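> Structure in structure tokens, see below.
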């Protein structure tokens, strides 16, 4: 059920290759033939992978390793690369922009992950019922996810407009005299960004949760009902435990997606005001591509990579412990 | 390993607790009281659903309504949910204000080429991973999976350096190369191929078909739904991609809808209504594609996401 299971499944598929281990009385000719057949199978296998693998190796694998190497190099667009030792990392340590970006990335994730989980799970439970029109609503809730990003950013910027934006008009209506300045305020830009991103992403994770809900046997709910469990009790004691594998997968995906956030920030606030919403991916982009500091930006990339890796590992470990 | 597919309609009855408050269904064994409570619950549930749906769709409603307003009518107190006057002309003038048709054409070209290549190489490689045994296969597949978990932003700088050295920056070739060979398509197609029984390809092999023949004449026709899922997901992702074109395309003539819209917003900040018109137009093609093939979207996401 978890991403790991994709590994085990490959070995579970029946062996389709011709029997390689020749019987003890096989002659040399037999063995040679078996060897030829094996080589042929290898060639055929590789020929299937190759077209995709060439592109994948050149533009994904090599760059991934490249980041590790480049982070130990002095290299700008106007100089040739030379060994830098730990210079880039020392600079990283003293870079106020890096710490601001790291803090903002964590801030964004701390809001985006739990809110998206709660909202998408809520929608999934709500829509996993036999009701007229449910299919239409599923479509509607999924649609923000495939709406073009620029449209999402610009609409939310307008909705959150401090003066006459619909959101603040609504807050006024509720009796809040001084509603937040949202994307024009240092303190409220990040919450505004989180609201827009939760709205955008909830439909996607709702689909994953809906798929998970289908795997919970209806008999469990029947049994709980016979035992006198109310809706909340059924949710806590049947739905949530049954969703555990889905929950784990969704959390892992959501975490990586949150820490690498880039495009919505870039279009909605461009990291501002000031550096209130500057995130790690943006810093990498500015340093590496806008300013051509290949070495230093690779050190920032490595930091982003390390953050994702550590958090994912912690999640896997927690999951394993809770399974025991 | 079965792919979990969402049923197209309705779900297993009572597969989830009703979130609606109010009298729970377990109360009362008697007929009328129980029926009344059930009806009450249903009504409350529908009311809740309608409120949630409105809240979710409000940004779309606002976008659409604003797109036919005059600029100064977009931000009014109170909000005009029904425009005082309809400026349908917004939808005709935008084509002359910015080269919107060219942007649409560029987006369409990129999306189609990338989708075609991704589906082709992805399904071809997936057959190798799912149905052919060869040395190093599992290790190779592990490399594919591992990179799906690595955020793309962490290695975009080396990618950019490679493209720069190849002289492909500011050309479609860079974007096509970057996005057509993704690991995602391989992963999705492989998950589907694993559900096709090996006996089918075994029988074809005995009949003398080569592995390539099996892929082209047996497996591909069987995997039409998965191909559709991958094609639609790739198409929409490419259409909506902002960062790729933003990094690689500097020439205005190459811009996609996303870049064109973004620059329009930057230049004509005050023309709120026209900006909304452009936003609506940028969403419509995706809306059409999505409505035509929505079950494939859901299936594709569920296949890569949750495996039963």
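Residue numbers (this note's numbering), protein chains in the order written: chain A, 105 to 428; chain B, 12 to 319. C-beta: ideal position from N, C-alpha, C; glycine also. Predicted model, so just to flag it, every value in this text is computed and none were measured.
1) Applying the criterion that 16 or more other CB atoms from any shown protein chain within 10 Å of the CB defines a buried residue, is residue 228/B buried or exposed?
2) With the cut-off set at 9 Å, would you say residue 74/B and residue 342/A are in Cβ contact?
3) Note down, in chain order, every chain A residue with its Cβ under 8 Å from the Cβ of residue 138/B.
4) Taking residue 367/A as the query, report the chain B residues whose CB atoms sit under 7 Å from its CB, ordered along the chain.
5) Using a beta-carbon distance below 9 Å, is residue 414/A in contact with chain B?
6) Check residue 178/A in the structure and name its three-state DSSP category.
7) Do you know whose CA, among 254/A, 399/A and 364/A, lies nearest residue 373/A's CA?
8) Helix, strand or coil for residue 144/A, going by three-state DSSP, please let me know.
9) Which two residues bound the contiguous alpha helix (DSSP H) that contains residue 202/B?
10) To the nearest angstrom, how far is the alpha carbon of residue 234/B from that of residue 400/A?
11) If you run the structure through DSSP and keep just helix, strand and coil, what is residue 92/B?
12) My assumption, with CB atoms under 8 Å, is that residue 245/A sits in contact with residue 307/A. Please give the rounded CB distance.
13) Taking C-beta to C-beta, are residue 230/B and residue 204/B nearer than 9 Å?
14) Identify whether residue 146/B lies in helix, strand or coil by the three-state DSSP scheme.
15) Quick one: what's got a C-beta closer than 8 Å to residue 40/B's C-beta in the same chain, skipping five residues either side?
16) Going straight from the alpha carbon of residue 21/B to that of residue 313/A, what length do you get?
17) Answer yes or no: does any C-beta atom of chain A fall closer than 9 Å to that of residue 285/B?
18) Tell me whether residue 326/A is buried or exposed, calling it buried when 16 or more other Cβ atoms sit within 10 Å of its Cβ.
19) Taking the alpha-carbon of residue 260/B as reference, which of 186/B, 223/B, 285/B and 181/B has the nearest alpha-carbon?
20) Tell me, please, whether the CB atom of residue 241/B is closer than 9 Å to any CB atom in chain A?
21) Under a Cβ-count criterion, where at least 16 other Cβ atoms within 10 Å of its own Cβ denotes burial, should residue 164/B be classed as buried or exposed?
22) Output needed for residue 264/A: all residues of its chain with C-beta closer than 7 Å, excluding positions within five of it in sequence on either side, in chain order.
23) Which residue wins for smallest C-alpha separation from residue 243/B, given the options 138/B, 154/B, 223/B and 302/B?
24) Within 9 Å (strictly less), CB to CB, does residue 224/B reach chain A?
25) If you drop the 5 nearest sequence neighbours on each side, which residues of the same chain put their C-beta closer than 8 Å to that of residue 338/A?
26) Provide the residue span of the alpha helix (DSSP H) that contains residue 181/B, from first to last.
27) Since residue 391/A is in the alpha helix (DSSP H), which residue starts that stretch and which ends it?
28) Identify which residue in 382/A, 392/A, 402/A and 281/A has its Cα closest to the Cα of residue 211/A.
29) Less than 9 Å separating the beta-carbons of residue 363/A and residue 411/A?
30) Specify whether the region 81-97 of chain B and the region 283-301 of chain B touch according to this definition: at least 3 beta carbon pairs, one from each stretch, less than 8 Å apart.
31) To test your reading of the DSSP string, which unbroken alpha helix (DSSP H) runs of 4 or more residues are found completely within the region 341-428 of chain A?
32) Less than 9 Å between the beta carbons of residue 397/A and residue 179/A, yes or no?
33) Does DSSP put residue 300/B in a helix, in a strand, or in coil?
34) Which bits of chain B does residue 398/A rub up against, with CB to CB less than 7 Å?
35) For a quick check, are the C-beta atoms of residue 241/B and residue 163/A less than 9 Å apart?
Walking through what the data contain:
1) exposed
2) no
3) 152
4) 253 and 254
5) no
6) strand
7) 254/A
8) helix
9) 194-204
10) 45 Å
11) coil
12) 5 Å
13) yes
14) coil
15) Unreliable placement is indicated for residue 40/B, whose pLDDT of 47 sits below 50; no coordinate value is reported for it.
16) Only weak support is given to the placement of residue 21/B: the predicted model assigns it a pLDDT of 38, under 50, and the value that follows is read from those uncertain coordinates. Cα to Cα, the separation comes out at about 15 Å.
17) no
18) exposed
19) 181/B
20) no
21) buried
22) 271, 286, 287 and 296
23) 302/B
24) no
25) 325, 328 and 329
26) From DSSP, residue 181/B is part of no alpha helix (DSSP H); its letter is neither H nor E.
27) First-last for residue 391/A: undefined, no H or E at that position.
28) 382/A
29) yes
30) yes
31) 348-363, 367-372, 384-388 and 398-427
32) yes
33) helix
34) 168 and 172
35) no
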